[in-house]
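Chains A and B, in that order, give the protein sequences. Mapping the first sequence onto the numbering used here, position 129 (from 1) lands on 135, and the numbers just tick up by one. Mapping the second sequence onto the numbering used here, position 117 (from 1) lands on 257, and the numbers just tick up by one. Each remark here refers to the structure printed beneath this line.
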Amino acid sequence: MSLAALGAGAPVTSVNFPAKVETGHSFSVPTSGSGPATLYIIGPGGTFARKLQLGETLPFGSDDLHSAGHYIAILDTGGGFLPTQFDVKASAQPAKLSFLAKPSRLPVSLSDGISGVAYVFDVFGNLVSQPQQVLFELSDATGRTQSRAVVSQNGVAWSKMNSATKAGPAHFQASIANVREQRVIQQVPGDPCSIRVKAQPSSGQRISVETDPVRDCNGNPVPDGTIVTFTEEFGGTQTTIDVPLKRGVAKTELPAAKSAVISVATGVVMGNEIHWGGGE
Amino acid sequence: MSGRRALANCLVFPLLASFLFLGAAPPRVHVGSMDSVGPREVEQQTRVAIVRDYLQAWQCMNSALEHNQADSLDACFVGQAKDTLARTIHQQQSLGIQTSYRDHSHDVKVVFYSPEGLSIQLLDDAEYDVDVQQHGRSLGTQHVYSQYVVVLTPTESKWKVRVFQGGNG
C-alpha cells in the first residue's frame, strides 16, 4: 500500500507498505522524500515506532511484527502525517496445536463418545486461518488405532471417535506433520452384563455366598466398588445386604435357613436364584 | 416476532443503555443465523450471550487502550488475546500513545461451536475508527474495515475472548 504527500517545492514523501505481510517473514518498506521522520505502527496486536530518514528503505525482520492483525501505519514527517493500513497474516506454517479432548474418562463401546478439537497456531501464537490437514488418532490399550484426517477451517478442526471395547487408557493425538499434541482418555468398563452367585455352607448357621467375577458385555472386569445386592427370602422375611465388588467379586454370609431363596443383582442386572436346602 | 428480531432486541437494549451511559452511538450489529453452526447446536441463551459478550469486549478493549489500563481487559479477555492486548498497552505507554477504537458496525457470523461447548468461533466484518493520540497530540483518525476471527470460551459468568485476530480474509 502506497501513500504519498506532495508539498509545494518539496520532494514527494511516500511510504510503501505491502497490503499484507506474513508473520515470520522479513519485508521492507521503501520511503521517499527527505529529512527525518518517525513511523508509528499501531494495532491491537502491537504498537511500535521507528525513526528513519525519508528516502531510505525500512527493513523489518522476521520477528518484528509477530502478532497477526490489522495495523495502521502513520508516518510523522514533522510537518504532517501520512497514514496507511496493512494486514499481518499468521504464518501458514503450523507450530502449535491447542488440543481439547473430552471426556477424560468414559465407558467402553460408546459410539462417537470422544470428541477432539484442535486449534492451529503458528510459532507466534497466531491462529492459522489457511486450511491445514489435521490427523486425529485414537490408540487403545490393545494397540488398535482409529484415525481421521480433517481439514481445518478458520484455524480449527474437530473429530469424534468411538471408545474401544477394551478398557484401559487410550492415547488421543492430534497432529499436523511433526506438530502433535496428545491426551490420555481413560476407558472404563461398562455396566455389568450378567451376574452369577454360588453358595456353600459356612461355619455355624451361616451360608457363604460369592459371585463369579463380574464383567461388562465386552468381558472387561467391572470396577471394584460397584455395589452388588444379595437378597435372602424365607418364612415371609427378607434380608438384603449390599456388598461392594472387591477384586472383581462380591461375597458375604447370610443366615442358613431351610428353603431360603437367595438372589443377586447389580444395577439393572438380575442374577440367578439359589433355593437353599431345596436345590438351585 | 421473529427469532432474529427477538435476539436483536435482547442484545440491543442492554448495550444501548451502556452506550448512552458512555455518550457514544451504539454500533450497528448484524448477526447471521446460528441454526446450522455445528457441530453443537447453539442454544438460545448462548446465542444472546456470545454476541452480547463479544460486543462488550470491544468496549473493554477501547477502554483499556484509550486509558492504557490493562485491568480493563480482565472482564472480557483471557489467554492469548488478553496477553497480546496487555503487551500492546505496555508498548503504548512507553511511547506515550493512546488509541480509541470506536466500532461503527459488526457483521457477525458464528462458524463453529465445539462439541463439548467449550469454545465458539465467530467471524466479524467490523467497521471502526481508530483515533491516535501521542502525549495529547492527535496523530489522526483512521477509518478501518477488517475481518476479525474470534474465539470465545465460557467462564463462570460470561463468555470471554481468547483469540482476537484482525486482518482475516
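Where a beta carbon is used, it is the ideal one built from N, C-alpha and C, also for glycine. As the structure is a computational prediction, the values presented were derived from the model and not from experiment.
Residues of its chain near residue i, where Cβ-Cβ distance is below 8 Å and the 5 sequence neighbours each way are ignored
{"i": "Gln-287/B", "result": "Leu-263, Asp-264, Asp-265, Ala-266, Gly-306, Gly-307, Asn-308, Gly-309"}
{"i": "Leu-205/B", "result": "Leu-225, Thr-228, Ile-229, Gln-232, Gln-238, Thr-239, Ser-240, Tyr-241"}
{"i": "Gly-277/A", "result": "Ser-200, Ile-201, Arg-202, Val-203, Thr-217, Ser-269, Val-270, Ala-271"}
{"i": "Ser-142/B", "result": "Because Ser-142/B carries a pLDDT of 46, less than 50, the predicted location of this residue cannot be relied on, and the following value inherits that uncertainty. None."}
{"i": "Gln-220/B", "result": "Arg-302, Val-303"}
{"i": "Val-234/A", "result": "Ile-201, Thr-217, Val-220, Asp-248, Val-249, Pro-250, Leu-251, Ala-256, Val-270, Ala-271, Thr-272"}
{"i": "Ser-278/B", "result": "Asp-271, Val-272"}
{"i": "Thr-83/A", "result": "Ala-11, Thr-19, Gly-39, Gly-41, Ala-43, Leu-60"}
Residues near residue i in its chain [Cβ-Cβ closer than 6 Å; skip 5 each side]
{"i": "Pro-179/B", "result": "Pro-255"}
{"i": "Tyr-46/A", "result": "Ala-55, Ile-80"}
{"i": "Pro-36/A", "result": "Asn-22, Thr-63"}
{"i": "Ser-259/B", "result": "Val-291, Thr-293"}
{"i": "Gly-283/A", "result": "Lys-264, Ser-265"}
{"i": "Ala-155/A", "result": "Gln-139, Leu-141"}
{"i": "Lys-57/A", "result": "Thr-44"}
{"i": "Glu-187/A", "result": "Leu-103, Phe-105, Ala-180"}
{"i": "Pro-65/A", "result": "Ser-34"}
{"i": "Val-129/A", "result": "Ala-101"}
{"i": "Leu-71/A", "result": "Val-94"}
8 Å contact criterion, which residue i and residue j should meet: CB distance rounded
{"i": "Gln-91/A", "j": "Tyr-77/A", "result": "7 Å"}
{"i": "Glu-239/A", "j": "Leu-260/A", "result": "With a Cβ gap of about 11 Å, Glu-239/A and Leu-260/A do not count as contacting."}
{"i": "Phe-127/A", "j": "Lys-102/A", "result": "4 Å"}
{"i": "Val-228/A", "j": "Pro-198/A", "result": "5 Å"}
{"i": "Asp-87/A", "j": "Gly-276/B", "result": "The question names Asp, yet the displayed sequence has Phe at residue 87/A. Not confirmed; about 15 Å, so no contact."}
{"i": "Arg-253/A", "j": "Val-194/A", "result": "The Cβ separation is near 17 Å, so there is no contact."}
{"i": "Val-171/B", "j": "Leu-195/B", "result": "With a Cβ gap of about 10 Å, Val-171/B and Leu-195/B do not count as contacting."}
{"i": "Val-190/A", "j": "His-177/A", "result": "6 Å"}
For residue i, the first and last residue of its enclosing beta strand (DSSP E)
{"i": "Val-315/B", "result": "Any property of residue 315/B remains undetermined from this structure, which presents chain B solely from 141 to 309."}
{"i": "Glu-181/B", "result": "Segment: none, Glu-181/B is in no beta strand (DSSP E) and carries neither H nor E."}
{"i": "Val-140/A", "result": "139 to 145"}
{"i": "Ala-25/A", "result": "Premise fails: Ala-25/A is in no beta strand (DSSP E) and is neither H nor E."}
{"i": "Glu-259/A", "result": "257 to 261"}
{"i": "Met-276/A", "result": "275 to 281"}
{"i": "Val-272/B", "result": "260 to 274"}
{"i": "Gly-41/A", "result": "Careful: Gly-41/A lies outside any beta strand (DSSP E) and carries neither H nor E."}
{"i": "Val-169/B", "result": "168 to 171"}
{"i": "Ser-269/A", "result": "267 to 272"}
Contact test: residue i Cβ vs the ligand GTP heavy atom, cutoff 7 Å
{"i": "Phe-87/A", "result": "Looking at this structure, you won't find the ligand GTP or any other ligand, since it has none at all."}
Contact set for residue i: own chain, Cβ-Cβ below 7 Å, skip 5 residues either direction
{"i": "Ser-115/A", "result": "Ser-169, Thr-171, Gly-196, Asn-224"}
{"i": "Ala-74/A", "result": "Thr-29, Gly-51, Val-94, Lys-95, Ala-96, Asn-132"}
Limits of the alpha helix (DSSP H) - the one that residue i falls within
{"i": "Gly-307/B", "result": "It is not in any alpha helix (DSSP H) - Gly-307/B instead sits in the beta strand (DSSP E) that spans 299 to 308."}
What residue ranges within the region 55 to 128 of chain A form continuous beta strand (DSSP E) runs of no fewer than 3 residues, ordered along the chain?
63 to 66, 75 to 82, 87 to 95, 102 to 108, 111 to 113, 120 to 127
Under 8 Å: do the region 263 to 274 of chain A and the region 207 to 221 of chain A share three or more Cβ pairs, one atom per stretch?
yes
Using 8 Å as the threshold, is the region 153 to 172 of chain A in touch with the region 119 to 133 of chain A, meaning 3 or more CB pairs across them?
yes
Are the region 144 to 156 of chain A and the region 169 to 189 of chain A touching, with three or more C-beta to C-beta distances below 8 Å?
yes
Given 8 Å as the limit, is there contact between the region 207 to 215 of chain B and the region 281 to 296 of chain B, that is, 3 or more CB pairs closer than that?
no
Sequence ranges, alpha helix (DSSP H) only - wholly within the region 182 to 243 of chain B, length at least 4:
Counting only runs of 4 or more, we get 184 to 207, 219 to 235.
Please go through the region 131 to 191 of chain A and give each complete beta strand (DSSP E) segment of 3 or more residues, from N-terminal end onward.
139 to 145, 151 to 157, 162 to 167, 174 to 182
Identify every run of the beta strand (DSSP E) within the region 184 to 242 of chain A, keeping only runs that are complete inside it and at least 3 residues long; order them along the chain.
Counting only runs of 3 or more residues that sit fully inside the region 184 to 242 of chain A, the beta strand (DSSP E) segments are 185 to 194, 198 to 200, 203 to 207, 212 to 217, 233 to 240, in chain order.
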